[in-house]
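J.: Handing you a structure now.
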Amino acid sequence: MAEPRRPSPEISVVVPCWRSETTIGRCIAALRAQEAAPPFEVVVVDSSPDEGTVLAARAANPPGPGEIDLVLDRAADRLFPGEARNRGVALSRAPWILFLDSDCLAASDLLATAARLRGAGAVVRSEEHTSELQSPCN
-14 MAEPRRPSPE ISVVVPCWRS ETTIGRCIAA LRAQEAAPPF EVVVVDSSPD EGTVLAARAA
46 NPPGPGEIDL VLDRAADRLF PGEARNRGVA LSRAPWILFL DSDCLAASDL LATAARLRGA
106 GAVVRSEEHT SELQSPCN
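Right, here's the structure in full:
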């Protein structure tokens, strides 16, 4: 079940998860630390057999300063990444979608850079940008 939402975001970050309780907290923390980001939401789609990932995601986004618009969705059945991404897109409200895996840390300027490039009409999906804009949690 999705949680309540704030006013319309410009970018939706869709994060597919399966048994990601040990990595989702750092992923959410990196998104909370975005600098000069446009309004955004994070849509976490979890198909784990338990609630560990959702609980960890919720704990990583406490109410108060720095809180982000976090939509938590639990699927009843196991979803593969593409299915989870599609479900996240269906739940998102922004005109622009950014996909991020639950074991990745977003650079602090990821969303600001995406918004700047979007404004210039660019589509970012090269290896150069991928390695520049996100790095593994390990």
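For the sequence shown, my numbering assigns the number -14 to the initial residue and increments by one for each residue that follows.
Here a beta-carbon is modelled for each residue, glycine too, at the ideal position from N, C-alpha and C.
#1: Count Cβ pairs between the segment 15 to 22 and the segment 85 to 100 that sit closer than 8 Å; are there 3 or more?
#2: May I ask you to list the residues that DSSP assigns as paired with Cys12?
#3: Got a sec? Which residues, its chain only, sit under 8 Å from Asp58 by beta carbon, not counting five neighbours each side?
#4: Would you please state the rounded distance, in angstroms, between the beta carbons of Ala105 and Pro1? I believe it to be under 8 Å.
#5: Cα-Cα, which of Asp62, Pro23, Arg4 and Ile53 is closest to Thr98?
#6: Hey, quick one: how far does the beta strand (DSSP E) through Leu90 stretch, first residue to last?
#7: Which ranges does the alpha helix (DSSP H) cover as unbroken runs of at least 4 residues, wholly within the segment -7 to 80, from first to last along the chain?
#8: Going straight from the alpha carbon of Ser87 to that of Ser5, what length do you get?
T.: The short version:
#1: The segment 15 to 22 makes contact with the segment 85 to 100; the number of CB pairs closer than 8 Å reaches 3 or more.
#2: BP columns for Cys12 are empty, so no partner.
#3: Around Asp58: Met(-14), Ala(-13), Val28, Val29, Val30, Asp31, Arg72, Gly73 and Leu76.
#4: Actually they do not touch by this definition, with Cβ atoms about 28 Å apart.
#5: The shortest C-alpha separation from Thr98 is found at Pro23.
#6: For Leu90, the enclosing beta strand (DSSP E) covers residues Cys89 to Ala91.
#7: Within the segment -7 to 80, the complete alpha helix (DSSP H) segments of 4 residues or longer fall at 9 to 17, 37 to 44 and 66 to 76, listed in chain order.
#8: Computed Cα separation, rounded: 7 Å.
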